[in-house]
Amino acid sequence: MNNRPSFEKIDYTIRPAKCIERKMIGEMIGSLRAFQPINEYVYIGLGSTFFTDFVLYHKMFGIHDMFSIEKEETKRQRIEFNIPFECIKVQYGETTDVLSRLNWQSPSIVWMDYDKGIDYRKQDDIIFLSQNLQSSSLLMVTVRTENTDFDKRKSPPNLDVRLESLRDSLHNKIPDLTKYEVGDLGKAIQIIFTAAISEALAQANSGKPEVEKINFHQVEALMVGKDVTLTIQQHNNCTPEKLQPLFDKAYELYVKYEVETS
Ligand SMILES: C[S@@+](CC[C@H](N)C(=O)[O-])C[C@H]1O[C@@H](n2cnc3c(N)ncnc32)[C@H](O)[C@@H]1O
Numbered sequence: 543m544n545n546r547p548s549f550e551k552i553d554y555t556i557r558p559a560k561c562i563e564r565k566m567i568g569e570m571i572g573s574l575r576a577f578q579p580i581n582e583y584v585y586i587g588l589g590s591t592f593f594t595d596f597v598l599y600h601k602m603f604g605i606h607d608m609f610s611i612e613k614e615e616t617k618r619q620r621i622e623f624n625i626p627f628e629c630i631k632v633q634y635g636e637t638t639d640v641l642s643r644l645n646w647q648s649p650s651i652v653w654m655d656y657d658k659g660i661d662y663r664k665q666d667d668i669i670f671l672s673q674n675l676q677s678s679s680l681l682m683v684t685v686r687t688e689n690t691d692f693d694k695r696k697s698p699p700n701l702d703v704r705l706e707s708l709r710d711s712l713h714n715k716i717p718d719l720t721k722y723e724v725g726d727l728g729k730a731i732q733i734i735f736t737a738a739i740s741e742a743l744a745q746a747n748s749g750k751p752e753v754e755k756i757n758f759h760q761v762e763a764l765m766v767g768k769d770v771t772l773t774i775q776q777h778n779n780c781t782p783e784k785l786q787p788l789f790d791k792a793y794e795l796y797v798k799y800e801v802e803t804s
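Mapping to this note's numbering: the sequence shown position 144 is 686, numbers consecutive.
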């Protein structure tokens, strides 16, 4: 029973935390209009069986170039039946395999709304996306922070045990966490994501002339039950004035939704 796809156990359409998350991300996407009309962005996400995020952002912003990635290929018939708009194309397979098949020539809004904790394949996705997203793209990653793979009959493991398990699932590819104040797993994941993005971009930038180098701004890491890291990718043409609305919006959202930030 435990191997059932997540969408057969959880109805993402009505889950309150997911609804708030979607709404917040929608509001954040709105401030991308400082860069270009939002309907010219490509949206890439994990729409699951109901495409609720896709429907919302298509209706809110008229985005019409949309790709949903889904690993549960055996559910293809049900998924195809549910596709709400023709502009949504579903690509079947694990994100790690599908991402490299997509076209990354246009600025994109990417929401990797994973249903489990972080592992080395998700870290590879983040590295791939950091190196391939165009200027003014927005990358969001949601992963489960509380690790539920422990024996529920015993008392919950402490942070050190959880960090050890995180280290294993990332094949040891994590920065030296002793340099940071890691109060919880969410914070550790945020540090690991940020380090992965910085390192990926440093590699991509090496040898490039200054004007072609790409950089990123982390808008914030929001904690809404799960960990959402909002990151904006920039080239030199992305000025502080264009970025400011995103930061202002993030602040507004914390107040509005009483979000715990880290
Ligand atoms: C949390 S749900 C997405 C919910 C959706 N974003 C929404 O707003 O309603 C995650 C979906 O992505 C699929 N999925 C999770 N991890 C994946 C991966 N690494 N590659 C491909 N599909 C994945 C799951 O099967 C599930 O259908």
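Beta carbons are placed, not taken as given, at the ideal position from N, Cα and C, and that holds for glycine.
A straight-line Cα-Cα distance of about 25 Å links residue 705 and residue 743. Shown here, residue 762 sits in a strand according to DSSP, grouped into three states. By the Cβ neighbour-count rule, residue 725 is exposed, with fewer than 16 other Cβ atoms within 10 Å of its own.
Fewer than three pairs of CB atoms, one per stretch, sit closer than 8 Å, so the stretch 620-630 makes no contact with the stretch 646-657.
For the options 600, 592 and 657, the alpha carbon positioned closest to that of residue 584 is the one of 600.
For residue 754, there are no CB contacts under 7 Å within the same chain when 5 residues up- and downstream are skipped. For residue 720, the three-state secondary structure derived from DSSP is helix.
Within the same chain, 611 and 655 come within 6 Å of residue 588 by CB-CB distance, once the 5 residues on both sides are set aside. By the CB criterion at 7 Å, residue 562 and residue 799 fall inside the cutoff. Only residues of its own chain outside the window of five on either side were considered, and among them 629 have a CB closer than 6 Å to the CB of residue 606, listed in chain order.
For residue 672, same chain residues with a beta-carbon under 6 Å away, outside a window of 5 residues either side, are 739, 742 and 743 in chain order.
Per DSSP, reduced to three states, the secondary structure at residue 661 is coil, with no helix or strand assignment.
For the set 752, 568, 573 and 734, the Cα lying nearest the Cα of residue 714 is the one of 734. If you draw a straight line from the Cα of residue 636 to the Cα of residue 687, it is about 20 Å long. Within the chosen limit of 6 Å, ligand 1 does not reach the beta carbon of residue 599 with any heavy atom. Leaving aside the five residues that flank residue 717 on each side, the residues in its chain whose CB is nearer than 6 Å to its CB run, in chain order, 737.
The straight-line gap separating the alpha-carbon atoms of residue 760 and residue 723 is approximately 18 Å. With a 10 Å radius around the Cβ and a threshold of 16 neighbouring Cβ atoms, residue 674 comes out buried.
In the same chain as residue 564, and ignoring 5 residues on each side of it, the C-beta atoms closer than 8 Å to its own belong to 594, 595 and 598, in chain order. For residue 559, the number of other beta carbons within 10 angstroms of its own is below 16, and it is reported as exposed.
The beta carbons of residue 685 and residue 669 sit no closer together than 7 Å.
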